[in-house]
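Engineer: Shown below is the structure under consideration.
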Amino acid sequence: MKDVVNPEVTRKIAHLARLKLVDGEVEKYTAELAKILDFVAQLSEVNVDNIEPVIHGIPLEPRFRDDEPVALSEEETKRIVACSEQSLYEQYKVPQVIGGGE
Amino acid sequence: MEYPRHLFKKGWEWRALLRAKKISAKEISAEFLSRARADKTNAFLALTEEQATKAAARADSGESGDGALAGIPLGIKDNLVTLGVKTTCGSKILSNYVPPYSATVVERLKKAGMVPIGKCNMDEFAMGSSNENSAYGPVFLPQDHARVPGGSSGGSAAAVAGNLSVMALGSDTGGSVRQPASFCGVVGMKPTYGRVSRYGLVAFASSLDQVGPLTLDAQDCADLLENIAGFDPWDSTTQEREVPRYGRAVGQVRTDASHRAAFLKNLRVGVPKEFFAEGLDSTVRTQVEKAIDALKLSGAKIVPVSLPHSKYALAVYYVIAVSEASANLQRYDGVRFGPRVLPNGQNTTLEEMYESTRGELFGKEVKRRILLGTFALSSGYYDAYYKRACQVRSLIARDFNECFANVDVLIGPTTPTVSFERGSKTSDPLSMYLSDIYTVPVNLAGVPAVSMPFGKGEKGLPVGIQLIGAPWQEQKLLETVAALECLFDEGKGA
Numbered sequence: 000m001k002d003v004v005n006p007e008v009t010r011k012i013a014h015l016a017r018l019k020l021v022d023g024e025v026e027k028y029t030a031e032l033a034k035i036l037d038f039v040a041q042l043s044e045v046n047v048d049n050i051e052p053v054i055h056g057i058p059l060e061p062r063f064r065d066d067e068p069v070a071l072s073e074e075e076t077k078r079i080v081a082c083s084e085q086s087l088y089e090q091y092k093v094p095q096v097i098g099g100g101e
Numbered sequence: 000m001e002y003p004r005h006l007f008k009k010g011w012e013w014r015a016l017l018r019a020k021k022i023s024a025k026e027i028s029a030e031f032l033s034r035a036r037a038d039k040t041n042a043f044l045a046l047t048e049e050q051a052t053k054a055a056a057r058a059d060s061g062e063s064g065d066g067a068l069a070g071i072p073l074g075i076k077d078n079l080v081t082l083g084v085k086t087t088c089g090s091k092i093l094s095n096y097v098p099p100y101s102a103t104v105v106e107r108l109k110k111a112g113m114v115p116i117g118k119c120n121m122d123e124f125a126m127g128s129s130n131e132n133s134a135y136g137p138v139f140l141p142q143d144h145a146r147v148p149g150g151s152s153g154g155s156a157a158a159v160a161g162n163l164s165v166m167a168l169g170s171d172t173g174g175s176v177r178q179p180a181s182f183c184g185v186v187g188m189k190p191t192y193g194r195v196s197r198y199g200l201v202a203f204a205s206s207l208d209q210v211g212p213l214t215l216d217a218q219d220c221a222d223l224l225e226n227i228a229g230f231d232p233w234d235s236t237t238q239e240r241e242v243p244r245y246g247r248a249v250g251q252v253r254t255d256a257s258h259r260a261a262f263l264k265n266l267r268v269g270v271p272k273e274f275f276a277e278g279l280d281s282t283v284r285t286q287v288e289k290a291i292d293a294l295k296l297s298g299a300k301i302v303p304v305s306l307p308h309s310k311y312a313l314a315v316y317y318v319i320a321v322s323e324a325s326a327n328l329q330r331y332d333g334v335r336f337g338p339r340v341l342p343n344g345q346n347t348t349l350e351e352m353y354e355s356t357r358g359e360l361f362g363k364e365v366k367r368r369i370l371l372g373t374f375a376l377s378s379g380y381y382d383a384y385y386k387r388a389c390q391v392r393s394l395i396a397r398d399f400n401e402c403f404a405n406v407d408v409l410i411g412p413t414t415p416t417v418s419f420e421r422g423s424k425t426s427d428p429l430s431m432y433l434s435d436i437y438t439v440p441v442n443l444a445g446v447p448a449v450s451m452p453f454g455k456g457e458k459g460l461p462v463g464i465q466l467i468g469a470p471w472q473e474q475k476l477l478e479t480v481a482a483l484e485c486l487f488d489e490g491k492g493a
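In order, the protein sequence lines correspond to chains C and V. Each step along the first sequence adds one to the number in numbering that gives the first Met the number 0, with nothing skipped, and position 16 is 15. Each step along the second sequence adds one to the number in numbering that gives the first Met the number 0, with nothing skipped, and position 45 is 44.
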């Protein structure tokens, strides 16, 4: 698993994660990720043949409720929308995404 | 009215004074708020004086009932959302977030009559082991301001250890309650995964996160756990199991010597050899050995055991936790909460807003983990990293199960060393991660564990002992902690 990270890979994953990295950060993170992945590489020595991957350490009973919409009060809606820096008519306002382009 | 000048009273001691009308909740609240205002350790990010005053009045009027927690001050880690009270998660990306609801655990403790002193400082998004990753400045160890209180619930642990609050809530993903409890010399617990609701806990790694108490002793820990545990319709991972009367069970061990002696005689304690490997500070080792000897002398059966896959736990953790974090933290994009960064003003595109907001407002440890998680989950690497880590996690959990077929609890150190100096590990992420080497396997296995203070180590700093229980056996675990506290008080830890 060695040498899997290089500046190009770091730039690619930063884009996937929508993280803008500034000058110097690409190199810094590339070196740190390489070191951590090198540490993680010890997992390749474990025999995992026929071992089921688990997402929890202990068995859990999954619980489902009926998928029914819950109405919010006007007050609750206001409080939720108020968490956004920009809103309009109780909707989130974001930069234009459709049209207006080249 | 007589005012007790003895500080460091436990919650149950304050309750006795409240019941005897020797003091009012209002007076207790005022005292702790004034101490918190004068705090020099940066344990709190915000004080909630208005809420505290109201809660104290409710407790004094009898409106909150006569439970174990009525009128008792509480610190709340800043990743637990609080209706109308800013919740920053130690991050700039939530610097202006005022939640529209409260976490289930916060609601339950409000009903129990607790008095919220304030929101506790923490490593950003609970990522860190020293509290140096808070966007609002580090927390100092109350006993030595040049040292760290541990993390990520460093503010919660420092608030209890510094007597700024009687109890506190933290969250534990890889040791974030137990490790700071160990450094600060208080009791800290991670319950069984699914025991306590995570609704309103800002998600870091959802399969590992669990809310837990930080207190001065086992009795307070039991009382707090009893009030936050149990099924919550808003968290589908909480289980519909009966919540035992932890407080009563611990009270019996604490106050009834013959009951305690019988409990210890029937106790089987496993000592995992992997927890005494290279890197363990000798003064920490000595304290753990004293605890084991004390248990043995009291008739407990000491059983050598092995957790052969626990040496892989940190590597597994740093794949699984970061993978889950990279998904959970996608929601911070400037749209629904937090400030927005618009590098080109009105002409900024949506994509630029996402990237700049996240790039500028997340701290470096959070960015490192998001990158690592995105990498581990990305096409071509998923099987080699994430899937393999989930397979090894299965083996780690199996090791614990096998041990608990023969013993009731496991014992070992909480951390390899006592608190370290600020700045001594910040340049090397891996050396910082090693601080959680004994706590991380517990989260991966989902089992409950407690760190309890047991004397002093290097430079007179607190040493924490970790006791680990079988799934859902928090009662046995807390009874063991209470019994060990009594043995320590009898002079067995000095």
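Every residue, glycine too, gets a C-beta built ideally from N, C-alpha and C.
Can you tell me which of the three DSSP states C/Asp143 falls into?
Structural biologist: The structure shown does not extend to residue 143 of chain C, since chain C is modelled only from 0 through 101, so no value can be given for it.
Engineer: In this structure, what does DSSP give as the bridge partners for V/Val210?
Structural biologist: Your numbering for residue 210 of chain V matches position 211 in the second sequence. V/Ser170.
Engineer: Under a CB-based cut-off of 8 Å, is V/Ile369 close to chain C?
Structural biologist: As a first step, residue 369 of chain V must be located in the second sequence, where it is residue number 370. It does; some Cβ of chain C falls within 8 Å.
Engineer: Give a yes or no on whether 8 Å exceeds the smallest Cβ distance from V/Met431 to chain C.
Structural biologist: Locating residue 431 of chain V in the second sequence gives position 432, counting from the first residue. Output row for V/Met431: interface = no.
Engineer: Only counting the same chain, and skipping five residues up and downstream in sequence, which positions put a Cβ closer than 7 Å to that of V/Arg4?
Structural biologist: Counting from 1 along the second sequence, the entry for residue 4 of chain V is found at position 5. Since pLDDT at V/Arg4 reaches only 45, below the 50 mark, its modelled position is unreliable, and no value is offered.
Engineer: Counting Cβ pairs closer than 8 Å, one from the region 363 to 382 of chain V and one from the region 240 to 251 of chain V, do we hit at least three?
Structural biologist: Verdict: no, contact absent.
Engineer: How far does the alpha helix (DSSP H) with V/Phe182 in it extend, from its first residue to its last?
Structural biologist: Position 183 of the second sequence holds residue 182 of chain V. Element bounds for V/Phe182: 177 to 183.
Engineer: Hey, would you say V/Cys389 sits closer than 8 Å to V/Ile319, going by beta carbons?
Structural biologist: Sequence index remark: in the second sequence, residue 389 of chain V carries index 390 (1-based). Sequence index remark: in the second sequence, residue 319 of chain V carries index 320 (1-based). In this structure, V/Ile319 lies closer than 8 Å to V/Cys389 by Cβ.
Engineer: Under a three-way DSSP split, which group does V/Ser155 fall into?
Structural biologist: As a first step, residue 155 of chain V must be located in the second sequence, where it is residue number 156. V/Ser155: helix per DSSP, three-state reduction.
Engineer: Any beta-carbon of chain V closer than 8 Å to the one on C/Pro6?
Structural biologist: Numbered from its first residue, the first sequence carries residue 6 of chain C at position 7. Not an interface residue.
Engineer: Report yes or no: is there a C-beta of chain V within less than 8 Å of the C-beta of C/Ala33?
Structural biologist: Along the first sequence, read from residue 1 onward, the residue named residue 33 of chain C stands at position 34. It does not: the Cβ of C/Ala33 has no partner Cβ on chain V nearer than 8 Å.
Engineer: What does V/Ala388 touch in chain B if you count any residue whose Cβ is under 7 Å from its own?
Structural biologist: Considering every chain present, this structure includes no chain B. Its protein chains are C and V.
Engineer: Do you know whose CA, among V/Pro98, V/Tyr100, V/Ile116, V/Lys109, lies nearest V/Phe43's CA?
Structural biologist: Residue 43 of chain V sits at position 44 when you count from the first residue of the second sequence. The shortest C-alpha separation from V/Phe43 is found at V/Ile116.
Engineer: Check whether the region 7 to 25 of chain C touches the region 288 to 302 of chain V, counting contact only when three or more Cβ pairs, one atom from each stretch, lie closer than 8 Å.
Structural biologist: No, because fewer than three Cβ pairs between the region 7 to 25 of chain C and the region 288 to 302 of chain V fall closer than 8 Å, the two stretches do not touch.
Engineer: Closer than 8 Å by C-beta to V/Glu273: which residues in its own chain qualify, once you throw out the five before and the five after it? Chain order, please.
Structural biologist: Mapped onto the second sequence, residue 273 of chain V falls at position 274. For V/Glu273, where only same-chain residues beyond five positions count, the Cβ hits under 8 Å are Ser305, Leu306, Pro307, Ser309, Lys310.
Engineer: Looking only at its own chain, which residues have a Cβ that is under 8 Å from the Cβ of V/Tyr317, when we skip the five neighbours before and after it?
Structural biologist: Working through the second sequence from its first residue, we reach residue 317 of chain V at position 318. Cβ neighbours of V/Tyr317 beyond the five flanking positions: Leu371, Tyr432.
Engineer: Along the region 39 to 67 of chain V, where does the CB come closer than 7 Å to a CB of chain C? Name the residues.
Structural biologist: Residues passing the 7 Å Cβ filter: none.
Engineer: Which residues in chain V sit within 8 Å of C/Glu60, going by Cβ to Cβ distance?
Structural biologist: Here the question's residue 60 of chain C lines up with position 61 in the first sequence. Within 8 Å Cβ-Cβ: Gln238, Glu239.
Engineer: Taking CB distances under 8 Å as the criterion, tell me whether C/Ser83 reaches chain V.
Structural biologist: Position 84 of the first sequence holds residue 83 of chain C. With 8 Å as the cut-off, C/Ser83 counts as an interface residue toward chain V.
Engineer: Taking C-beta pairs closer than 9 Å, name the residues in chain C that V/Val138 reaches, listed in chain order.
Structural biologist: Within the second sequence, the letter at position 139 stands for residue 138 of chain V. Within chain C, no residue comes near V/Val138; the closest Cβ sits about 24 Å away, beyond 9 Å.
Engineer: Within its chain, find whatever has a CB closer than 7 Å to the CB of V/Ala375; leave out the 5 residues flanking it on each side and keep chain order.
Structural biologist: Stepping through the second sequence from its first residue, residue 375 of chain V is reached at position 376. Answer for V/Ala375: Val318, Val321, Ser322, Tyr384, Tyr385, listed in chain order.
Engineer: Please check the pair V/Leu200 and V/Ser170, which I expect to be a contact at CB under 8 Å, by giving their CB distance rounded to whole angstroms.
Structural biologist: As a working mapping, residue 200 of chain V is identified with position 201 in the second sequence. As a working mapping, residue 170 of chain V is identified with position 171 in the second sequence. Their Cβ separation, rounded to whole angstroms, is 6 Å, which keeps V/Leu200 and V/Ser170 in contact under 8 Å.
Engineer: What is the DSSP secondary structure of C/Val25, reduced to helix, strand or coil?
Structural biologist: As a position in the first sequence, residue 25 of chain C is number 26, starting the count at 1. C/Val25 falls in the helix class under three-state DSSP.
Engineer: Is it buried or exposed for V/Leu207, if we count other Cβ within 10 angstroms and need 16 for buried?
Structural biologist: Stepping through the second sequence from its first residue, residue 207 of chain V is reached at position 208. The residue is buried, with at least 16 neighbouring Cβ atoms inside 10 Å.
Engineer: Closest by CA to V/Pro303, which one among V/Cys183, V/Asp407, V/Lys189, V/Glu277?
Structural biologist: On the second sequence, position 304 is the one that residue 303 of chain V refers to. With distances taken between Cα atoms, V/Pro303 lies closest to V/Asp407.
Engineer: Looking only at its own chain, which residues have a Cβ that is under 7 Å from the Cβ of V/Lys491, when we skip the five neighbours before and after it?
Structural biologist: Mapped onto the second sequence, residue 491 of chain V falls at position 492. If we look at V/Lys491 and ignore the five residues flanking it on each side, its Cβ neighbours are Lys289, Ala293.
Engineer: Return the chain-ordered ranges of every beta strand (DSSP E) run that is complete within the region 19 to 64 of chain V and spans a minimum of 3 residues.
Structural biologist: Qualifying beta strand (DSSP E) stretches, in chain order: 43 to 46.
Engineer: Evaluate the contact criterion for the region 128 to 135 of chain V versus the region 10 to 25 of chain V: three or more CB pairs, one atom per stretch, below 8 Å.
Structural biologist: The region 128 to 135 of chain V is not in contact with the region 10 to 25 of chain V.
Engineer: Would you check if there are 3 or more beta carbon pairs closer than 8 Å linking the region 220 to 229 of chain V to the region 245 to 252 of chain V?
Structural biologist: A contact exists between the region 220 to 229 of chain V and the region 245 to 252 of chain V.
Engineer: Mind listing which residues of the region 8 to 21 of chain C have their C-beta closer than 9 Å to chain V's C-betas, in chain order?
Structural biologist: For the region 8 to 21 of chain C, which is checked against every Cβ of chain V, the residues closer than 9 Å are Val8, Thr9, Lys11, Ile12, Ala13, His14, Leu15, Ala16, Arg17, Leu18, Lys19, Leu20, Val21.
Engineer: V/Lys189: buried (16+ other C-beta within 10 angstroms of its C-beta) or exposed?
Structural biologist: Within the second sequence, numbered from 1, the residue matching residue 189 of chain V stands at position 190. Burial call: buried.
Engineer: Check the Cβ-Cβ distances between V/Pro243 and every residue of chain C, and say whether any is below 8 Å.
Structural biologist: Numbered from 1 along the second sequence, position 244 holds the residue referred to as residue 243 of chain V. Not one chain C Cβ lies under 8 Å of V/Pro243.
Engineer: Rounded to a whole number of angstroms, what is the C-alpha to C-alpha distance between C/Asp66 and V/Tyr198?
Structural biologist: By 1-based counting over the first sequence, the position of residue 66 of chain C is 67. By 1-based counting over the second sequence, the position of residue 198 of chain V is 199. In a straight line, the C-alpha of C/Asp66 is about 18 Å away from that of V/Tyr198.
Engineer: Give the straight-line distance between the Cα atoms of C/Glu24 and V/Ala54, rounded to the nearest whole angstrom.
Structural biologist: Taking the first sequence and counting its residues from 1, one reaches residue 24 of chain C at position 25. Taking the second sequence and counting its residues from 1, one reaches residue 54 of chain V at position 55. Approximately 47 Å, taken between the alpha carbons.
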